[in-house]
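Numbers given in the numbering used here equal positions in the sequence shown, counted from 1, plus 845.
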Amino acid sequence: MRAALVKYSGRRLNNHEAVWYDMPFRSTLEDYYNTGDICVYDSTLRLVKYSAGVALNIDEPVTDGVLERIRASCDFILLRGSNYIHEQMDWGHFLSWIEALDLPVLVIGVGAQAERERAIVLPTENRRVWQAIADRAPSIGVRGAFSAETLHRNGIHNIEIVGCPSLFRGLDRSLKLRHAPDGPRRVTFSLRREVGSTYALDPAAFQATQKRIIAKLALVSDLYLSCHGEPEEKAFFFRAPRHMDKARAELVAQGWFDEVTGRVLQDLYERRLFYVGAPGDYDVYAAQFDAALGYRVHAVLPAVAVGVPGVLFSYDTRSRELAETFDLPIYSPEEFERQTLGEALAPQRFDRFQALFPERYDRMKAFIEKNGVPTRM
């Protein structure tokens, strides 16, 4: 099977591994990009067994030359999962490409994005894209119930809840979480400073709560932080002196390095901050910890995929939906702060996740195969 790759994020090292684009170091250091997108892309490629892939840029209009090349070299369209189901989604020329190619479309783990669970009414053009996909797929794989309900409300009914490919990236049906005998001690916390109104009802409160939790964790655990795209954090990771000075001034101006928790945060940034440059690198990093928590879904799920107990924070529909789909612990910040770290990550809280993981692994495998594509699962 040969794939036309749509909404690709980064570049492929081979058919089953992706990293960020080959760019000058200055761009890596100074530009923001969301490494969660790379993780989903990489995870999708790991699950799907295909012989060749061709990148299809749907931001470009259909041309006869590219159309004939894709038709001659591809058997299906592979759309990686992401937060595509919302009112502002720009599909470029995807509808024209779908109609012109008329190939099967495999969609794995797409989701609705909103600051809270509410009715999302998609614009007509977006509904036409989803209908064109639905017409060319036995079913569309969504990450959870909210996404399924949203597509159903917008007239798309051949839907299947499969979760996110990032949880299955280890290709291990017999995955067993490793719980530290005396409770979690070494902990990694994923930062998320960039947040808008589609992720949180109150972005300022979101950031203040996150800082408070980090400061408390630093008192009770051997804490490390991971960053996932923001240039200020990358300046600290790469220890570029002038960039660090500029980043420090910016973080002070934004109130991130404040008078209450600023000293703790600066110390962690200078000594214990890891930058996730490639999904495969994060697999190696995450496996060294007793627990993974924080505000990056694609830091928690990949950690769980390598056997590390992970906890999600309830701050948007995506985190709540994935926790519900996989039965992973999820807490509001207030709920988390009322517990000890050991209580929040108690092994029994993962019993249902552990018991149902093989069934959910099989469901993802069966979904892909039902769409006519073999898997590596």
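Beta carbons are placed, not taken as given, at the ideal position from N, Cα and C, and that holds for glycine.
These numbers come from a predicted model, not from an experiment.
- For the pair LEU1016 and LEU892, the Cα-to-Cα distance works out to about 7 Å.
- Taken atom to atom, the span from the alpha-carbon of ARG988 to that of GLY956 is near 6 Å.
- Rounded to whole angstroms, PHE1198 and PRO1147 show a C-alpha spacing of 15 Å.
- Burial state of LEU923 is buried, judged by a 10 Å Cβ sphere holding 16 or more other Cβ atoms.
- As DSSP reads the structure, TYR1120 sits in a beta bridge with CYS1072.
- Between GLY1152 and ARG961, the C-beta spacing is not below 8 Å.
- Secondary-structure assignment with DSSP links PHE991 through no beta bridge to anything.
- For the pair ASP980 and ARG973, the Cα-to-Cα distance works out to about 10 Å.
- Closest in alpha carbon position to LEU1118, among PHE939, ARG1031 and SER1035, is SER1035.
- The three-state reading of DSSP puts LEU923 in strand, counting E and B together.
- Taking each of PHE1083, ASN1216, ARG1093 and MET868 in turn and checking the Cα distance to GLU1005, the smallest one comes out for ASN1216.
- PHE870: member of the alpha helix (DSSP H) spanning 870-875, first to last residue.
- For PHE1158, the enclosing beta strand (DSSP E) covers residues 1155-1158.
- Residue environment: THR908 is assigned as exposed (fewer than 16 neighbouring CB atoms within 10 Å of its CB, all protein chains considered).
- VAL1121 places its beta carbon 8 Å or farther from that of LEU1068.
- Ranked by Cα distance from GLU970, the first of LEU1012, GLY937 and TYR1160 is GLY937.
- C-alpha of GLU875 to C-alpha of ALA959: approximately 28 Å in a straight line.
- Shown here, ALA849 sits in a strand according to DSSP, grouped into three states.
- The region 878-938 contains, as complete alpha helix (DSSP H) runs of 4+ residues, the segments 880-892 and 909-918 (chain order).
- Fewer than three pairs of CB atoms, one per stretch, sit closer than 8 Å, so the region 1196-1212 makes no contact with the region 879-887.
- Taking a contact to require three or more Cβ pairs closer than 8 Å, the region 1095-1111 and the region 863-873 do not qualify as touching.
- Using a C-beta cut-off of 8 Å, the region 885-901 makes contact with the region 915-931, since at least three inter-stretch Cβ pairs fall below that distance.
- For TYR895, the closest C-alpha among the options LEU940, ARG847, GLY1155 and PHE870 is that of ARG847.
- In the structure shown, ARG1093 falls within a helical segment according to DSSP collapsed to helix, strand and coil.
- DSSP places GLU1214 within a helical segment (H, G or I) once states are collapsed to three.
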